[in-house]
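Read through the structure below, which is laid out as structure tokens, and then see the notes.
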Amino acid sequence: WHAIESNAGHLHLISGDFEAAGRSLGSVVESAQSPLLTALGASEGLARVYLAKNQLPECDAALKRIESSVEANPYLNATYSVRWAGITKGRLLLRRGEAGNAAAWLAKVEAATKDVRDLPFSALLHLTLAQALHASGQLPESARRIIAASQLDIAGYRELQGQYYFVLANLCAAGGDPASASHYRDS
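Residue numbers (the numbering used here): 9 to 195.
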């Protein structure tokens with residue numbers, strides 16, 4: 009039942025039902041019978057739930073559970089859940105106002121995953137790095153990262169489209185371009 013409950017939690021997460029997602033994913037994380045990889049995936053999803061709900065200490069705790077699992081089992085570093093948790097940690101740092109730390113962390117994630125062929129992950133990593141670089145005043149590099157995300161067809165991945173246009177709108181608004189910001193928000 010653990011894998012089914014974890015999948016249900018992720019479905020609730022992407023549909024925006026964060027309460028149901030938290031219940032489903034939390035039950036998998038808390039169950040002593042959950043297989044390690046299933047619990048890891050549930051922890052990664054739970055971290056995203058907490059971040060979406062602005063429950064930053066809880067998000068951090070979920071990410072620390074993943075990090076402690078990786079410390080005990082370094083082979084887990086190559087798993088999907090650990091890769092994507094790296095982006096979530098970068099977003100957590102951004103939410104805390106630690107843009108420089110977020111950029112450094114995401115660059116570390118990028119270096120560790122350079123040989124992984126996960127195009128949606130790579131596209132979102134570039135986009136999240138663009139946010140961190142923009143927030144830390146590195147505008148030309150931020151622009152290069154947006155272009156890299158676009159070249160990986162980030163807008164072609166339905167699950168990433170909203171994030172892509174939201175980030176573009178926010179970066180345009182932060183750059184003093186309200187017309188472009190409005191255009192991307194409406195996309």
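Glycine residues also receive a C-beta, built at the ideal position from the N, C-alpha and C atoms.
Check                                                                                                                   : Outcome
Buried versus exposed, by CB contacts within 10 Å (16 or more), Leu198                                                  : Because the chain spans 9 through 195 in this model, residue 198 falls outside it and cannot be assessed.
Three-way DSSP call (helix, strand, coil) for Gly53 in this model                                                       : helix
Beta carbon of Val36 nearer than 7 angstroms to that of His10                                                           : yes
Straight-line gap, Ser76 to Gly49 (C-alpha atoms, nearest Å)                                                            : 14 angstroms
Proximity winner among Ala112, Lys116 and Leu102, relative to Ala1 (alpha-carbon distances)                             : Given that the chain is displayed from residue 9 to residue 195, the structure contains no residue 1 and the question cannot be resolved.
Own chain partners of Glu118 with C-beta closer than 8 angstroms, once the 5 adjacent residues on each side are dropped : Leu133 and Leu137
Segment limits, alpha helix (DSSP H) that includes Gly24                                                                : Premise fails: Gly24 is in no alpha helix (DSSP H) and is neither H nor E.
Validate contact between the stretch 140-156 and the stretch 102-116 using beta carbons, cut 8 angstroms, 3 pairs       : yes
Range covered by the alpha helix (DSSP H) that runs through Glu178                                                      : The sequence as given places Asn at residue 178; Glu does not occur at that position. Where Asn178 is concerned, the enclosing alpha helix (DSSP H) stretches over Arg166 to Ala182.
Per-residue burial, Val90 [other beta carbons within 10 Å of its own, 16 or more giving buried]                         : buried
Local Cβ density within 10 Å of Ala93, reported as buried at 16 or more and exposed below that                          : buried
Segments of 4+ residues assigned as alpha helix (DSSP H) that fall wholly inside the stretch 99-158                     : 107-120 and 127-143
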